[in-house]
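Note that the sequence shown covers residues 10 to 267 in my numbering. Every residue, glycine too, gets a C-beta built ideally from N, C-alpha and C. What you are looking at is a predicted structure, and each value in this text was computed from that prediction instead of being measured.
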Amino acid sequence: MSPLTHSPAPGAAPMSRMVASHAVMETRLLLRNGEQVLLAVVIPVLVLLGGAEAGNVIDLGSGRRIDVLTPGVMALAVMSTAFTSLAIATAFERRYGVLKLLGASPLPRTGLLLGKVGSLLAVEACQLALIALVGIALGWRPAGGLGGTLGAGLLLLLGTAAFAGLGLLMAGTLRAEATLAAANLVYVVLLAAGAVVLPVSAYPKAMEVVLAVLPSGALAQGLRDVTSGAGLDRTAVVVLTVWAVAAAALTARTFRWD
């Protein structure tokens, strides 16, 4: 009988593999949750379809309705996934001790956050592809070429970072029930009055400055500009960067794992 040649190899898996596995798990959990799917996919698509068919009931300015709506709904999708869904899911994971257990696993806390970010990006890619296809079917024709595509990608990444930071900030400091209520309230308020679906020009002049410095207004208006061929709005880039950095810094200082 030949001697055994294998030997045990204890130790954690490579960091990249652990992060990828955690991202896959986070994505599966999100897609199994009906409320999260409603926020992530159904509501943005319904807003796009309803807004396109609303005719003159809602004034979207002088541009083509679908050209105003589609970028705004993309911003809404980022907000629904990176802020509302992330905040609620993380808050209840914290309440039930899931975060504390994961924090004690071989996956370091940095890897845990990277896995959540990877899951967000995967879900958002599906959302944005679906919204783009629906928009194109309704007549949306984005302009700007490769530069416009890269600019839109930059804005979406910065918007994701900003909203994810705010979502984690809320989830890491408030009770789960308070996070559930606050995250949904902020979502509804920004949807109605955050220059997401409606352009900034549709609001009173006195509100334009405030809306321009909100992450919702900066992301949505920036996407409208870059997909219309007007170029990348540097002000929107700066606003989203400031929100992302500030939210990340505050989250790092205040986030509680249990």
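Rounded distance between the beta-carbons of residue j and residue i, thought under 8 Å
{"i": "P208", "j": "Q230", "result": "7 Å"}
{"i": "H31", "j": "G176", "result": "Rounded, the Cβ-Cβ distance is 17 Å, inconsistent with contact."}
{"i": "V206", "j": "V56", "result": "6 Å"}
{"i": "G81", "j": "R265", "result": "That belief does not hold up - the Cβ atoms of G81 and R265 are roughly 34 Å apart, past 8 Å."}
{"i": "L139", "j": "V54", "result": "7 Å"}
{"i": "V50", "j": "Q136", "result": "6 Å"}
{"i": "L220", "j": "A204", "result": "4 Å"}
{"i": "A192", "j": "T93", "result": "5 Å"}
Residue i to residue j span [Cα, whole Å]
{"i": "V143", "j": "A171", "result": "26 Å"}
{"i": "A215", "j": "A61", "result": "27 Å"}
{"i": "T236", "j": "L110", "result": "44 Å"}
{"i": "E35", "j": "Q45", "result": "12 Å"}
{"i": "D76", "j": "L199", "result": "20 Å"}
{"i": "A245", "j": "L116", "result": "35 Å"}
{"i": "S114", "j": "A180", "result": "21 Å"}
{"i": "V107", "j": "A98", "result": "11 Å"}
{"i": "G238", "j": "S128", "result": "30 Å"}
{"i": "E133", "j": "L47", "result": "14 Å"}
{"i": "V28", "j": "P151", "result": "34 Å"}
{"i": "A173", "j": "W149", "result": "28 Å"}
{"i": "V126", "j": "A211", "result": "33 Å"}
{"i": "A256", "j": "R104", "result": "21 Å"}
Local Cβ density within 10 Å of residue i, reported as buried at 16 or more and exposed below that
{"i": "V218", "result": "exposed"}
{"i": "T158", "result": "exposed"}
{"i": "T263", "result": "exposed"}
{"i": "R74", "result": "buried"}
{"i": "D267", "result": "exposed"}
{"i": "V195", "result": "buried"}
{"i": "G240", "result": "exposed"}
{"i": "A258", "result": "exposed"}
{"i": "S225", "result": "buried"}
As assigned by DSSP and simplified to three states, the class of residue i
{"i": "A152", "result": "coil"}
{"i": "T99", "result": "helix"}
{"i": "A86", "result": "helix"}
{"i": "R196", "result": "Looking at the sequence provided, one finds Tyr at residue 196 rather than Arg. The answer is helix: DSSP assigns Y196 an H, G or I state."}
{"i": "D242", "result": "coil"}
{"i": "V222", "result": "coil"}
{"i": "T182", "result": "coil"}
{"i": "D76", "result": "helix"}
Residue i CB to nearest heavy atom of the ligand FAD below 8 Å
{"i": "V248", "result": "Because no ligand of any kind appears in the structure shown, any question about the ligand FAD cannot be addressed here."}
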